[in-house]
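A.B. asks:
Numbering (the working numbering), first residue to last: 698 to 786.
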């Protein structure tokens, strides 16, 4: 009597996979992974832009140090990706 576990594989023919085929498959998988990671990065950057842009800089008061306020503004503007053309408006 045949082993029932091996009977399923009795008629399976092995296919030879050459090194070129394996490299091609690996390249395809890596390309898919990179595309997926790029999409995730794009979504994260979009989310960060929207969340940072929604944060408003507080108005400067008489008690604020002008140099510290300007540095904080510049940091905030750079983090949000605000174009320098809008900095003075």
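Note that beta-carbon positions come from the ideal geometry of N, C-alpha and C, so glycine has one too.
Owing to the predicted nature of the structure, the values given are computational and were not obtained by experimental measurement.
Going by C-alpha to C-alpha distance, which of 754, 758, 761 sits closest to residue 771?
C.D. replies: In the chain shown, counting from the first residue as 1, residue 771 sits at position 74. When only C-alpha atoms are compared, the closest one is 754.
A.B. asks: For a quick check, are the C-beta atoms of residue 784 and residue 769 less than 8 Å apart?
C.D. replies: On the chain shown, residue 784 is found 87 positions in, with the first residue counted as 1. On the chain shown, residue 769 is found 72 positions in, with the first residue counted as 1. Going by C-beta atoms, residue 784 is not nearer than 8 Å to residue 769.
A.B. asks: Taking the alpha-carbon positions, what's the residue 718 to residue 744 distance?
C.D. replies: Walking along the chain shown from the start, residue 718 turns up at place 21. Walking along the chain shown from the start, residue 744 turns up at place 47. Approximately 39 Å, taken between the alpha carbons.
A.B. asks: In its own chain, which residues sit with a C-beta less than 6 Å from the C-beta of residue 758, not counting the 5 before and 5 after it?
C.D. replies: As a first step, residue 758 is located in the chain shown; it is residue number 61 there, counting from the start. Cβ within range, chain order: n/a, list empty.
A.B. asks: Just to confirm my understanding: we take residue 720, look at its own chain, exclude 5 residues before and 5 after, and list those with CB closer than 8 Å. What are they?
C.D. replies: For the purposes of this step, residue 720 is identified with residue 23 of the chain shown, where counting begins at 1. Counting only residues of its own chain and dropping the five nearest sequence neighbours on each side, residue 720 has no CB closer than 8 Å to any other CB.
A.B. asks: Can you give the Cα-Cα distance for residue 736 and residue 730, rounded to whole angstroms?
C.D. replies: The residue given as residue 736 occupies position 39 in the chain shown. The residue given as residue 730 occupies position 33 in the chain shown. Taking the straight line from one Cα to the other gives about 10 Å.
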